[in-house]
Amino acid sequence: MVQAWPYAAAFALGALIPRRESKFERFALGLVGLLAAAFIGSMWPEKAVETAAAPAVEWDQLLNVIVFLPIVGAVAILFMPRQSPKLLRRVTMVVLGVDFIASLWLLKAPMTDGWHFQYVREWLPGFGIRYHVAVDGISVWLVILSTFTTPLAAYASFGSLKKRTKDLCFSLLLLHGAMLGAFVSLDLFLFYVFWELMLVPMLILIGIWGGVEKIKASYKFFLYTMAGSMMMLAAILYMVWTHEQLAGYVTFDYLALSRLVLPKTAAYLCFAAFALAFLIKVPMFPLHTWLPDAHVQAPTGGSVILAAVLLKLGTYAYIRFCMGMFAGPAYAAAANLAGVAIGGGILYAALVAWKQSDIKKLIAYSSVAHLGFVMLGLFTGTEAGIAGGVLQMVNHGISTGALFILVGVIYDRRHTRLVSEFGGLAKVMPIYTACFVLITMSSIGVPGTNGFVGEFMVIMGSFTSSVLGSHGKLQGGLAAFGVILAAVYMLSMVQKTFFGPLSNPKNKHLKDLNIRETVVLAPLIAMVFVLGLFPNLFLDRMKSSVSGVTARFMDSTREFRNAMDTDPDRAVLLPRLSGALSSGYPEDPKKQQEAAEGATAALDKESAQ
Numbered sequence: 294m295v296q297a298w299p300y301a302a303a304f305a306l307g308a309l310i311p312r313r314e315s316k317f318e319r320f321a322l323g324l325v326g327l328l329a330a331a332f333i334g335s336m337w338p339e340k341a342v343e344t345a346a347a348p349a350v351e352w353d354q355l356l357n358v359i360v361f362l363p364i365v366g367a368v369a370i371l372f373m374p375r376q377s378p379k380l381l382r383r384v385t386m387v388v389l390g391v392d393f394i395a396s397l398w399l400l401k402a403p404m405t406d407g408w409h410f411q412y413v414r415e416w417l418p419g420f421g422i423r424y425h426v427a428v429d430g431i432s433v434w435l436v437i438l439s440t441f442t443t444p445l446a447a448y449a450s451f452g453s454l455k456k457r458t459k460d461l462c463f464s465l466l467l468l469h470g471a472m473l474g475a476f477v478s479l480d481l482f483l484f485y486v487f488w489e490l491m492l493v494p495m496l497i498l499i500g501i502w503g504g505v506e507k508i509k510a511s512y513k514f515f516l517y518t519m520a521g522s523m524m525m526l527a528a529i530l531y532m533v534w535t536h537e538q539l540a541g542y543v544t545f546d547y548l549a550l551s552r553l554v555l556p557k558t559a560a561y562l563c564f565a566a567f568a569l570a571f572l573i574k575v576p577m578f579p580l581h582t583w584l585p586d587a588h589v590q591a592p593t594g595g596s597v598i599l600a601a602v603l604l605k606l607g608t609y610a611y612i613r614f615c616m617g618m619f620a621g622p623a624y625a626a627a628a629n630l631a632g633v634a635i636g637g638g639i640l641y642a643a644l645v646a647w648k649q650s651d652i653k654k655l656i657a658y659s660s661v662a663h664l665g666f667v668m669l670g671l672f673t674g675t676e677a678g679i680a681g682g683v684l685q686m687v688n689h690g691i692s693t694g695a696l697f698i699l700v701g702v703i704y705d706r707r708h709t710r711l712v713s714e715f716g717g718l719a720k721v722m723p724i725y726t727a728c729f730v731l732i733t734m735s736s737i738g739v740p741g742t743n744g745f746v747g748e749f750m751v752i753m754g755s756f757t758s759s760v761l762g763s764h765g766k767l768q769g770g771l772a773a774f775g776v777i778l779a780a781v782y783m784l785s786m787v788q789k790t791f792f793g794p795l796s797n798p799k800n801k802h803l804k805d806l807n808i809r810e811t812v813v814l815a816p817l818i819a820m821v822f823v824l825g826l827f828p829n830l831f832l833d834r835m836k837s838s839v840s841g842v843t844a845r846f847m848d849s850t851r852e853f854r855n856a857m858d859t860d861p862d863r864a865v866l867l868p869r870l871s872g873a874l875s876s877g878y879p880e881d882p883k884k885q886q887e888a889a890e891g892a893t894a895a896l897d898k899e900s901a902q
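The following block contains the structure:
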């Protein structure tokens, strides 16, 4: 009976469709509502798969609420009158606000070993597909980053985008729900659904409210993303097929597939497919060329969400899937990839940013450089490097998101972002100047701001990394030089824009920050100091998960090498998962035991031979 409520809600919403809408629009909206109701009804908990007992503070439905509240809100928006923009904006802000408050409950859990707020149920059992969601000490901060920044981006957008409000609200809510779903998914099919779902609303944001070359930027974003996604899908299907050959049953579950050691060639190809999809999303040099165009053409809210959250899905997915399922190939490629992250990301992107005349494009290239630091931290394979990389994901989301909002403020007033059009803005916009300078300090990593600790930990991880080998110290030194370059291009832009004579008469009567802009920037500025002065509030909660990822990465690398030494052309299913990765594993105990016995027998037979 409980599954009937989505259908009842869909019919109730259908009754609210304004009669002034055309019959075709009413039919289309009703069909969308029915499909959404069917989807939610099929996934609605009727009987969950039994998992390890969770602490009392961990409500197992919380992640369902956090993920599907904005998706249901997006569907509800479709049924609301286009002629009531205030209602649409208010509903959107209420949904996003409630979602943020709900996400704060995740902090009630101490985020010790294993998964938290875990929920598993059969979705498409005939295909081995489950609805499996959970968070750990890494993904929890990215979920909260998303629920924190998206309402701010939406509120900022409502101040400047007055046309097609219904489409804007729908896109923001759907994008938000898809991003959250990708962060918490532990089933590869479910992850892929959310990964692809993000593409649609972001294309809408750029394609409708973008700049002059919005169509070109949209196509470029679409083609890059889809190219990587198709290869990742092929790799997923191959892994599922191989697992079925070894274990006798089909599953897309991440924890089950993490026990799979593929033949050497297949392992490297699958790693390359996953890595390519994620490195495009980061993006990492030389796959970054879509990002500057997307940022420059996207509206302010789209740029904020793109920089603050969407790009983090690439870095997060690399930790979760590349390092979790392909540790051996990831270990082997780490030193070379670190060199690319430094040379092409941190250094090259910094030099390109230095030469930009468009402030927004400069910040876009600075994102490539900052995310180069994040990837370097992951490639080190050390606890310090990975923790610093995760912290830097959050830092980048706060600082760069604030920078894009600040650029949007000046663009709304002057409709230009060229540095040459400004100069001396501090004389007429002192509060705006103070905010811009402060966020710039956080972006370049001044001690006391959020950018310092993450970059410092990444550099220290490079110096102590056994994964990077003899090149670690050199790469750490080059990364440190990248910090200096960041200061050069950011401070140069600030000096030309805000100081010196007020020579352009068009700037003499510019208004300072208004109430809406102040409300949007104040939480971000507060987080600059919270993260900068109290980093352990964040690091302590991710410590256990980072330690588990690091230990599992090293253990899996040894297991991969042992399997390759035995027979590099044969796939192996490991009998169990080690460390934090196995905590709360929801696999059917009977099937898990059968698979474990089969894998153990295969290993014993190979050893005897």
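Under our numbering, the residues of the sequence shown are numbered 294 to 902, in order.
No residue lacks a Cβ here, since even glycine has one placed at the ideal position from N, Cα and C.
Beta-carbon contacts of residue i that lie in its chain and below 8 Å, excluding the five residues immediately before and after
| i | result |
| --- | --- |
| F578 | V633, A634, G636, G637, G638, Y641, A642, V661 and G665 |
| I529 | L481, F482, Y485 and F545 |
| V360 | V426, G470, L473, G474 and V477 |
| V602 | L435, L438, S439, T442, T443, M472 and G690 |
| T608 | F571, V575, L664, V667, M668, L671, G682 and M686 |
Best match in the options for proximity to residue i [C-alpha to C-alpha]
| i | options | result |
| --- | --- | --- |
| L548 | V413, L795, P374 and W583 | V413 |
| Y704 | L684, S692, Y725 and K720 | Y725 |
| L467 | Y448, L479 and L492 | L492 |
| I652 | L814, S785, M525 and P816 | S785 |
| I691 | W434, V358 and N797 | W434 |
| L669 | R710, Y611 and S650 | Y611 |
| T790 | V746, N629, P723 and L767 | P723 |
| Y424 | S396, D353, T385 and P816 | D353 |
| R552 | A566, G541, V428 and H536 | H536 |
| A727 | L761, A395, Q788 and A560 | Q788 |
| A815 | R375, V358 and Y448 | Y448 |
Simplified DSSP assignment, three categories, for residue i
| i | result |
| --- | --- |
| A864 | coil |
| V391 | helix |
| R375 | coil |
| W416 | strand |
| H409 | strand |
| V428 | strand |
| L711 | strand |
| S511 | helix |
| A345 | Bear in mind that the predicted position of A345 carries a pLDDT of just 49, short of 50, making it unreliable; the figure below should be weighed with that in mind. It is coil, neither helix nor strand. |
| S837 | helix |
| S478 | strand |
| D805 | coil |
| I258 | A question about residue 258 goes unanswered here, because the residues of the chain that appear run from 294 up to 902. |
| R423 | strand |
| D858 | helix |
| S875 | For S875, the predicted model reports a pLDDT of 40, less than 50, meaning its position is unreliable; a value from the coordinates is still stated below. S875: helix per DSSP, three-state reduction. |
| D353 | coil |
| N629 | helix |
| F831 | helix |
| Q768 | helix |
| K455 | coil |
Close beta carbons around residue i, own chain, < 6 Å, minus the five adjacent residues each side
| i | result |
| --- | --- |
| R809 | G452 |
| T742 | M734, S735, V821 and G825 |
| H663 | H689 |
| E880 | Low confidence applies to E880: its pLDDT is 43, below 50, so where it sits in the model is not reliable, and the reading given next is rough at best. Contacts found: A549. |
| K654 | P585 and V589 |
| R834 | M404 and G430 |
| G266 | Coverage of the chain is limited to positions 294 through 902, which leaves residue 266 absent and any answer about it impossible. |
| S511 | L496, I499 and G500 |
| A873 | Confidence at A873 is low in this model, with a pLDDT of 37, below 50, so its placement is unreliable and the value that follows should be read with caution. Excluding sequence neighbours, A873 sits near D406, G407 and G841. |
| G504 | Q590 |
| G421 | V543, T544 and F545 |
Same chain, Cβ closer than 7 Å to residue i, five either side skipped, listed in chain order
| i | result |
| --- | --- |
| W398 | L355 |
| F614 | F567 |
Short CB-CB distance (under 9 Å) between residue i and chain C
| i | result |
| --- | --- |
| A402 | Among the protein chains of the structure shown there is no chain C, as only one such chain exists. |
Item to check | Segment contact flag, the segment 828-837 with the segment 461-475, C-beta cutoff 8 Å, min 3 pairs | outcome: With a cut-off of 8 Å on Cβ pairs, the segment 828-837 is not in contact with the segment 461-475, counting fewer than three such pairs.
Checklist entry - Just checking, does the segment 852-867 make contact with the segment 779-799 on the three C-beta pairs under 8 Å criterion? => result At 8 Å Cβ cutoff, the stretches do not touch.
Next on the checklist: For the segment 438-455 against the segment 556-575, do three or more pairs of beta-carbon atoms, one drawn from each stretch, fall closer than 8 Å, so that the two count as touching?
Outcome noted: At 8 Å Cβ cutoff, the stretches do not touch.
Item to check | the segment 673-685 contacting the segment 750-758, beta-carbon criterion three pairs below 8 Å | outcome: Yes: at least three Cβ pairs fall under 8 Å.
Checklist entry - Using 8 Å as the threshold, is the segment 583-595 in touch with the segment 452-463, meaning 3 or more CB pairs across them? => result The segment 583-595 is in contact with the segment 452-463.
Item to check | Three-pair Cβ contact test at 8 Å for the segment 380-392 versus the segment 458-465 | outcome: Enough Cβ pairs lie closer than 8 Å, so yes.
Item to check | Inter-stretch contact (C-beta, 8 Å, three-pair minimum) for the segment 387-395 and the segment 353-368 | outcome: Touching, yes.
Next on the checklist: Just to confirm the assignment: which complete alpha helix (DSSP H) runs, minimum length 4, are found wholly within the segment 543-618?
Outcome noted: Segments of the alpha helix (DSSP H) lying fully in the segment 543-618: 547-550, 557-574, 583-590, 593-598 and 605-610.
Checklist entry - Is the segment 787-807 close to the segment 708-720, with three or more CB pairs under 8 Å? => result Segments in contact, yes.
Item to check | Runs of alpha helix (DSSP H) wholly within the segment 640-677 (minimum 4 residues, chain order) | outcome: Complete alpha helix (DSSP H) runs here, min 4: 641-647 and 652-673.
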